[in-house]
Amino acid sequence: MTSTRESIQISLVQLDNYGPWTVTPSPRRETDLQALQARLYAALADFVGNHDGYAFFDRFDNMIAVTDGMTVPDHERFQEQIRNQFPVTVSIGIGVGRTPTEALGAASQALQAEGSAQDADRTEQLATAGAVGDTRGSLTVAHFDVVDVTGEFTDQKAAGETSLAIQRATVSLASYLREEHEGIARFVGGDNIIALCPSLDEGAFEGAREHVQATTGIDLQVGVGEGETPHKAGYRAKLALEECRETGRRIERFSPQATIDR
Ligand SMILES: Nc1nc2c(ncn2[C@@H]2O[C@H](COP(=O)(O)OP(=O)(O)OP(=O)(O)O)[C@@H](O)[C@H]2O)c(=O)[nH]1
47 MTSTRESIQI
57 SLVQLDNYGP
67 WTVTPSPRRE
77 TDLQALQARL
87 YAALADFVGN
97 HDGYAFFDRF
107 DNMIAVTDGM
117 TVPDHERFQE
127 QIRNQFPVTV
137 SIGIGVGRTP
147 TEALGAASQA
157 LQAEGSAQDA
167 DRTEQLATAG
177 AVGDTRGSLT
187 VAHFDVVDVT
197 GEFTDQKAAG
207 ETSLAIQRAT
217 VSLASYLREE
227 HEGIARFVGG
237 DNIIALCPSL
247 DEGAFEGARE
257 HVQATTGIDL
267 QVGVGEGETP
277 HKAGYRAKLA
287 LEECRETGRR
297 IERFSPQATI
307 DR
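Have a look at this one:
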């Protein structure tokens, strides 16, 4: 039996002096900025994914990655890749904490201690807080999804209304999980919201579902997975979400007996 997670490692990837860059020598064309941001996020998702981590685009100029098992040299290699392939550089804060919120807070403070995000002299810093590369135990990922978004929204409502509904559900869920359980939840596309959580029982996830239902009217289902790496936990959460579709239950927790684990 894997021990409950004592800690989680989260990396905050911040574009160096990006604001001034976007308007120097004059404001840069918006779609060029959006394409650059998307490519930077793709580079992070690929890099972290190759280490079985998870990545979230968050604000794009500040991206979040779950980097359990990744070392300081791994992060330095990512900075080198960005330096060689893009017109901007990145600084990184790596935080290890008991909970996702604590880890991201530690990463934020470590990076802030290196100087302002818009300090032209602060480039490619790498700041750490806690035992980087040394987390152990089992990580919990909860993969939330709107029940029948296709039938209830995509095929029925104006696309703009659907987007706003999903955004409202995301903010409601992310705020609840942060305040109640120091979890971190982020929109990842379509009608999917992925949450990094401490080890929680089914009642905690039912409370989250009920909160979102009460505040937004959105009916979420959630698959919960645990594992040694973010990918392992997240993949098991996806398998558990498939169980929701099979059983009609709104909450399913991965169990090796129920599905084939890849
Ligand atoms: N990032 C991410 N997006 C996904 C994933 N699975 C589905 N999506 C997105 O979610 C959208 C809706 O897919 P579904 O959730 O299967 O559609 P649905 O109508 O809600 O069906 P049910 O969830 O079975 O009720 C898709 O168009 C994708 O954009 C996933 O694992 N990760």
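Take 47 as the starting number for the sequence shown in this note's numbering and just add one per residue. For each residue, glycine too, the CB sits at the ideal point set by N, CA and C. Please read these numbers as outputs of a predicted model, since none were measured by experiment.
Problem set entry | Collapsed DSSP secondary structure at Q202 in the structure displayed | By 1-based counting over the sequence shown, the position of residue 202 is 156. Three-state DSSP puts Q202 in coil, outside helix and strand.
Exercise. In its own chain, which residues sit with a C-beta less than 8 Å from the C-beta of T181, not counting the 5 before and 5 after it?
Worked result: Numbered from its first residue, the sequence shown carries residue 181 at position 135. Excluding residues within five positions, the ones whose Cβ falls inside 8 Å are R51, E52, S53, I54, Q55, D114, G115 and V142.
Exercise. Over what stretch of residues does the alpha helix (DSSP H) that includes E122 continue unbroken?
Worked result: Counting from 1 along the sequence shown, the entry for residue 122 is found at position 76. Here the alpha helix (DSSP H) through E122 covers V118 to Q131.
Exercise. Touch check for the segment 264-278 and the segment 184-195: three-plus C-beta pairs under 8 Å?
Worked result: yes
Exercise. Exposed or buried, what is R75 when buried is set at 16 or more other beta-carbons lying within 10 Å of its beta-carbon?
Worked result: Translated into the one-based positions of the sequence shown, residue 75 becomes position 29. So R75 counts as exposed.
Exercise. Is the beta carbon of K278 within less than 7 Å of some heavy atom of ligand 1?
Worked result: Position 232 of the sequence shown holds residue 278. The answer is no for K278.
Exercise. Smallest Cα separation from L61: which of V94, S72 and R105?
Worked result: Here residue 61 is taken as the residue at index 15 of the sequence shown, counted from 1. Nearest of V94, S72 and R105 to L61, Cα basis: R105.
Exercise. So the alpha helix (DSSP H) T77 belongs to, where does it begin and stop?
Worked result: As a first step, residue 77 must be located in the sequence shown, where it is residue number 31. Residues E76 to G95.
Problem set entry | Reference V217, options E228, C290, D92 and I239, closest by Cα | In the sequence shown, residue 217 corresponds to position 171, counting from 1. For V217, the nearest C-alpha among the options comes from I239.
For this session: Ignore the nearest five residues each way along the sequence and tell me which others in F233's own chain have a CB closer than 6 Å to its CB.
Result: Numbered from 1 along the sequence shown, position 187 holds the residue referred to as residue 233. Correct list, in chain order: T216 and I239.
Exercise. Heavy atom of ligand 2 less than 7 Å from the Cβ of G253, yes or no?
Worked result: Of the ligands one can find in the structure shown, namely ligand 1, none is ligand 2.
Problem set entry | Runs of alpha helix (DSSP H) lying entirely within the segment 233-276, each at least 4 residues, in chain order | 248-262
Exercise. So, are the CB atoms of E226 and G249 less than 8 Å apart?
Worked result: The sequence position of residue 226 within the sequence shown is 180, counting from 1. The sequence position of residue 249 within the sequence shown is 203, counting from 1. No, the pair does not count as a contact, with Cβ atoms beyond the cut-off.
Problem set entry | Proximity of D92 and K278 at Cβ, strictly below 8 Å | Sequence index remark: in the sequence shown, residue 92 carries index 46 (1-based). Sequence index remark: in the sequence shown, residue 278 carries index 232 (1-based). In this structure, K278 does not lie closer than 8 Å to D92 by Cβ.
For this session: Kindly indicate which three-state DSSP category V36 falls into: helix, strand or coil?
Result: Examination of residue 36 is not possible in this model, given that the chain is present from 47 through 308 alone.
Problem set entry | Distance, I128 Cα to R85 Cα | Here the question's residue 85 lines up with position 39 in the sequence shown. Here the question's residue 128 lines up with position 82 in the sequence shown. Rounded to whole angstroms, R85 to I128 spans 10 Å at the Cα level.
Exercise. What is the rounded straight-line gap between the Cα of L223 and the Cα of E298?
Worked result: Along the sequence shown, read from residue 1 onward, the residue named residue 223 stands at position 177. Along the sequence shown, read from residue 1 onward, the residue named residue 298 stands at position 252. Taking the straight line from one Cα to the other gives about 18 Å.
Problem set entry | Given T174 as reference, the closest of D165, S154 and Q80 once Cα atoms are compared | Position 128 of the sequence shown, counted from the first residue, corresponds to residue 174. The shortest C-alpha separation from T174 is found at S154.
Exercise. Any idea what DSSP makes of E160, helix, strand or coil?
Worked result: Start at 1 with the first residue of the sequence shown, and residue 160 comes out as number 114. Residue state, collapsed to three classes: coil.
Exercise. Are the beta-carbon atoms belonging to L58 and G139 less than 8 Å from one another?
Worked result: Here residue 58 refers to the residue found at position 12 when the sequence shown is read from its first residue. Here residue 139 refers to the residue found at position 93 when the sequence shown is read from its first residue. It is a contact, given that the beta carbons lie within the stated cut-off.
Exercise. Does any heavy atom of ligand 1 sit closer than 7 Å to the C-beta of N108?
Worked result: As a working note, residue 108 is residue 62 in the sequence shown. No, Cβ of N108 sits at least 7 Å from all heavy atoms of ligand 1.
Exercise. DSSP on Q55, reduced to helix/strand/coil?
Worked result: As a first step, residue 55 is located in the sequence shown; it is residue number 9 there, counting from the start. Strand.
For this session: Report yes if the C-beta of R296 is less than 7 Å from at least one heavy atom of ligand 1; otherwise report no.
Result: Taking the sequence shown and counting its residues from 1, the one referred to as residue 296 is at position 250. Flag unset: Cβ of R296 not near ligand 1.
For this session: Note down the Cα distance separating E160 from G263, rounded to an integer number of angstroms.
Result: Your numbering for residue 160 matches position 114 in the sequence shown. Your numbering for residue 263 matches position 217 in the sequence shown. The alpha-carbon atoms of E160 and G263 are separated by roughly 43 Å.
Exercise. Using the C-alpha atoms, what's the distance from P119 back to G197?
Worked result: Position 151 of the sequence shown, counted from the start, is the residue given in the question as residue 197. Position 73 of the sequence shown, counted from the start, is the residue given in the question as residue 119. Using only the alpha carbons, I get a separation of about 47 Å.
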